[in-house]
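Before any comments, here is the structure.
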Amino acid sequence: MAKILKGKEVADALNAACIADIQSLLQCAIRPTLALIRLGNNPDDLAYESSIIKKAQSLGIQILGCDMDQNADQHELESHIRGFNQDPYVHGIMLFRPLPKHMDEQAVLNLIAPEKDVDGVTDISMGMVYAGNNQGFGPCTAESAMAILKHYQIPIEGKRAVVLGRSLVIGKPVAMMLLGRNATVTICHSKTKNLAGECKQGDILIAAVGKAGMVDASFVHEGQTVIDVGINVNEDGTMGGDVDYIGVEPVVSAITPVPGGVGTVTTAILMEHVIRSAKRQAQGNK
């Protein structure tokens, strides 16, 4: 039976460290603050926003909400971002995506000041991840996968890691993070020949392909650690990952559940990024 790598345990440890850091910042008259920008009322955005606000309130992080009309023009959105960039009391900026089709999303994202890009979406932040520069913030979900491996003391150095998926949000950045921890990394995708065979070679398999249940028992082997990043709604309305959990769990050594795995850690990573940004401000003020 595989060890279940539950996200709650990881998130609780991150939250405890955050609370201690916030107390130190408050003594310096700095309250970590996150600006949330949302256009329209997409149900997924509203649900994620609610979870962020709830977590922030439990830790003592201040939220500044900026709710805009779905049809707002790009100039108005850019104006809000510039305002938050210049506000010394704002330590992080998060923009819910995707943006409406009438906007140039990448141009808007790249307006966010890199030091406040706590969601790791700008080109500069991505470049810092690829350069192994710890000054930037990586995408929260990619860092969540790494946080789980660290918390459960899964060996990375010298191990072979296979990343299934090549998105800018998960696949590519988590591959660079694994490489930074001295793993030998293979990136697989839909065009990879003998896909199951390649995935089966990894000591660690990160599944981030966005296809429900794609990773079955033929993709894995005994002793392997599987991190399932996928979030998919099944035909019966239940949530599942990219991994066929029922088929894979009896084979591997350790696995994350969906729900209750990587997604549980993501908001905690976002909070940690906001606090890290505030700590840098405190250090700069000394």
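Taking numbering that gives the first Met the number 0, the leading residue of the sequence shown gets 0, the next gets one more, and so forth.
Just so it is clear, CB atoms sit at the ideal spot from N, CA and C, and this is done for glycine as well.
Taking a 10 Å sphere around the C-beta of V232, we find fewer than 16 other C-beta atoms and assign the residue as exposed. If you draw a 10 Å sphere on the C-beta of M176, you find 16 or more other C-beta atoms in it, and that means buried. Check the Cα spacing between D235 and each of K149, I226, A211: the tightest is with A211.
In the DSSP annotation of this structure, the continuous segment of the alpha helix (DSSP H) that includes T140 starts and ends at 139-150. Here the segment 217-231 makes contact with the segment 196-209; the two share three or more CB pairs at distances below 8 Å.
A Cβ-Cβ separation of about 17 Å leaves L163 out of contact with I155 under the 8 Å criterion.
If the five residues before and after G59 are omitted, its C-beta is found closer than 6 Å to the C-beta atoms of I21, all from its own chain and listed in chain order. Per DSSP, the unbroken beta strand (DSSP E) holding R37 starts and ends at 32-38. Assignment of I155 by DSSP, reduced to helix, strand and coil, places it in the coil class. Rounded to whole angstroms, the separation of the alpha carbons of D68 and R180 is 43 Å. By DSSP's assignment, M176 forms no beta bridge with any residue. Annotation: the segment 25-109 contains the following complete segments of the beta strand (DSSP E) (minimum length 3 residues), in chain order: 32-38, 61-67, 91-94. For T237, the secondary structure class from DSSP, reduced to helix, strand or coil, is coil.
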